[in-house]
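> Heads up, the working numbering is the position in the sequence shown plus 4, with the first residue counted as 1. Don't be surprised by glycine CBs; every beta carbon is placed ideally from N, CA and C. Treat the numbers as computed from the prediction; the structure is a model and nothing was measured.
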Amino acid sequence: MALYAYLEILLIPISVIFLYFLTIRTQKKSSVPTNWPVLGMLPAVLQNSHRIHEYATEVLTESNGTFEFKGPWFSNMDMLVTSDPANIHHVLSKNFSNYPKGPEFRKIFQILGDGIFNADFELWEFHRKTTLSLTTQPNFYGFLEKSIWAKIEKGLIPVLERFLETGVEFDLQDVFQRFTFDSICKLVLDYDPQSLSIDLPCIPCEKAFNGAVEALLHRHILPERIWKLLKWLQIGKEKTLMKAWKSFDEFIYPRVSINDGLEKDDNGFNLLKSFKRKYKERDIYSSSGDSREFLRDTSLGLMFAGRDTTSTCLSWLFWLLAANPSAEMKIRREIEDELHEKKDKKWRIFSVEESKKLKYLHGALCESLRLFPPLALEHKAPIRPDVLPTGNHVPENKVVLLCFYSMGRMEMIWGEDCLDFKPERWISECGGIEHQPSFKFTAFNAGPRTCIGKEMAFIQMKMVAATVIYHYNIEVVKGHKVSPSDSIIIQMKHGLRVKLSKRNVY
Ligand code: HEM
């Protein structure tokens, strides 16, 4: 074992030398990585680690959607990488019971503890049933609408107005991240930290998500012993991840003490109290036997789910609309045609019912999710050996990486215009929303583990997007570089720098 550990530590300098040779090997046109002795395909991955999602897409396109990645010797990094819809359907739905997330997933995402994202089998079923039973309560959507409305009125609009008055450029992605962080905290912890306020306060837990999602992708790229060594040395992205862990714990623990106010009957909706009641009834504890820890894990999972996904989709939507002004015009026309203008009010905020009528906006959001699915990849490992529809054999416990980002960019799935932003793709002939099977449009996952928050996310994104598009013109700052981040969530690496001007709607 010790010998393997030394070998892997040596991998980094050896890889650097290989990178040098790779760089000067200009004659190699193919993106498919060379399988070197000892190092396997790791050098190509390290060479492209700053553009890992695009690189995976190039390799998968060249390999017809499925690719066997060979890691360095003894590193346990061999994996099957796929973006083929038949394989995705097989792994996520048809043969679901054979594909838990597996022990490797749990090691990488250790920060999420026993929350729903890390759970398999009975624990996952318990989480899923509990969460669904709460989000399907009759008062849930009323509460959601009220809290989104309040956040738009008291958080988003004042902040945007301040940027308008001062005329300064600002990062729209940061504004959306603050919006979704406050909203998900209110929903899960019944506490609004007000990170979206005029003075834009720095709340360590809110900022910690960005570093954490980058470090989690890093753990997919490096051999386990190497990232464990970096963690032990407390350096690089592992250090950031440990700091994020501390920030999450310091933020969540004080808000989840178990018996707090359970005896009182609430008329309103309170997800945290409902979780506490359920856990008390079922006497559920985490693997460490601590019920506070279990509540921390449950809350953090939902905060990850709610903060990064919707803010990422909204940011890409506004970038795509800036590049496609005719689509933005169509959304404005749709708002004018479908929704009655209330000229007496200073601010027009749209209700859930109104937002549901906005089909073209729905199509635009789906395009944003297709081209930039917030969760770039999914990670599974079969319990029993299996053969995928593409004929690839998968031995037990071998990691199967499902590349959602690459799927949206493949001609074989979406046709020749796959890279174009076309909300019309989602409008049926009779003017309704065109359904796409979930194993083709995988932004919300597919099968029994399909996203629980899909409906919630569309409501929030439509209410926010309609309000902003209706009141403001958004111009992306000239020369601002936009590219996907190297993280498990496809955020914008350098944010979205914009300038605002007011639309004349009064
Ligand atoms: C645009 C917004 C969203 C996208 C693209 C999205 C996408 C996804 C994806 C890909 C998964 C599968 C993750 C995995 O198994 O590793 C997932 C699961 C999940 N999502 Fe979402 N999500 C969004 C918003 C939300 C929101 C707002 C919530 C609410 C808090 C939420 C709650 C969940 C939960 C609880 C799961 C776990 C389901 C399970 O494992 O059974 N999501 N989501």
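Just checking my contact of Q177 with L379 at CB under 8 Å: how many whole Å lie between their CB atoms?
That pair is no contact at about 17 Å.
> How far does the alpha helix (DSSP H) with H475 in it extend, from its first residue to its last?
458-475
> Less than 9 Å between the C-beta atoms of F73 and L392, yes or no?
no
> Check the C-beta distance from S315 over to F180 and give it rounded, since I have them as a contact under 8 Å.
4 Å
> Whole angstroms is fine: what's the gap from Y364's alpha carbon to V356's?
The alpha-carbon of Y364 is positioned some 16 Å away from that of V356.
> Between the alpha carbons of F78 and Y145, how many angstroms are there, rounded?
51 Å
> Pull up the distance between the alpha-carbon of K250 and that of Y257, whole angstroms please.
Their Cα atoms are separated by approximately 11 Å.
> What does the Cβ neighbour count give for T30, buried or exposed, with the cut at 16 atoms within 10 Å?
Because the pLDDT of T30 is 49, which lies under 50, any placement of that residue in the model is unreliable, and the question is left without a value.
> Could you check how far apart the C-beta atoms of K466 and V481 are, in whole angstroms? I think they sit under 8 Å.
Incorrect: roughly 26 Å between the Cβ atoms, too far for contact.
> Quick one: is the Cβ of K33 within less than 8 Å of any heavy atom of the ligand HEM?
Using a cutoff of 8 Å, the CB of K33 does not count as near the ligand HEM, since none of the ligand's heavy atoms is closer than that.
> On the criterion of 16 or more Cβ atoms from any shown chain inside 10 Å, does S432 qualify as buried, or is it exposed?
exposed
> Is DSSP giving W231 helix, strand or coil here?
helix
> Just to confirm the assignment, what range does the beta strand (DSSP E) spanning H131 have?
Counting along the chain, H131 falls outside any beta strand (DSSP E), though it belongs to the alpha helix (DSSP H) covering 125-139.
> CB R300 to CB D341, shorter than 9 Å?
no
> Give me the pocket residues for the ligand HEM, defined as CB within less than 5 Å of any heavy atom, sorted by chain position.
I120, R132, L306, A309, G310, T313, T314, C317, P378, L379, A447, F448, N449, R453, C455, I456, G457, M460, A461
> Which whole-angstrom value describes the C-beta separation of G367 and R453, a residue pair presumed to lie in contact below a C-beta threshold of 8 Å?
Wrong, their Cβ atoms sit about 25 Å apart, outside the cutoff.
> Taking DSSP as the reference, what is the three-state secondary structure of S505?
strand
> Determine the burial state of K105: buried for a count of at least 16 other Cβ atoms within 10 Å of its Cβ, exposed for fewer.
buried
> Which residue or residues does DSSP assign as beta-bridge partners of C206?
None, per the DSSP bridge assignment.
> Going by DSSP, what residue range makes up the beta strand (DSSP E) through V403?
403-407
> Please classify D118 as buried or exposed, where buried requires at least 16 neighbouring CB atoms within 10 angstroms.
Counting Cβ neighbours within 10 Å, D118 comes out buried, since at least 16 surround it.
> Got a sec? Which residues, its chain only, sit under 6 Å from D194 by beta carbon, not counting five neighbours each side?
N274, L276
> Leaving out the 5 sequence neighbours to the left and right, which residues in its chain are closer than 8 Å to I225 when beta-carbon positions are compared?
V49, L50, S53, I56
> Given this structure, state the Cα-to-Cα distance separating C206 from L127, to the nearest angstrom.
If you take the alpha carbons of C206 and L127, they lie about 35 Å apart.
> Just confirm the distance between the C-beta atoms of L160 and L200, as a whole number of angstroms; I'd bet it's less than 8 Å.
7 Å
> Given that a residue counts as buried once 16 or more other Cβ atoms are within 10 Å of its Cβ, and exposed if not, what is D203?
exposed
> Could you check which residue in F185, E297, E228 has the C-alpha nearest to that of N80?
E228
> CB-CB under 8 Å to Q198, same chain, minus the five flanking residues each way: which ones, in chain order?
G159, D186, P205
> Hey, which unbroken runs of the alpha helix (DSSP H) at 4 residues or more fall wholly within the region 78-104?
89-93
> Go to H383, then tell me how far its beta strand (DSSP E) extends in each direction, as first and last residue.
381-384
> Skipping 5 residues on each side, what residues in its chain have a beta carbon closer than 8 Å to that of Q472?
According to the sequence as given, residue 472 is Val; it is not Gln. L160, L164, F322, I478, listed in sequence order.
> Which residues bound the alpha helix (DSSP H) around E242?
240-256
> Confirm, please, whether the CB-CB distance from E382 to T446 is below 9 Å.
yes
> Is T30 helix, strand or coil when you go by DSSP?
In this prediction, T30 has a pLDDT of 49, which is less than 50 and means its spatial position is unreliable; nothing more can be read from the coordinates.
> Check this for me: beta carbons of I92 and M411, under 9 Å apart or not?
Yes, Cβ-Cβ distance for I92 and M411 is below 9 Å.
> Could you compute how far the alpha carbon of K98 sits from the alpha carbon of G457?
22 Å
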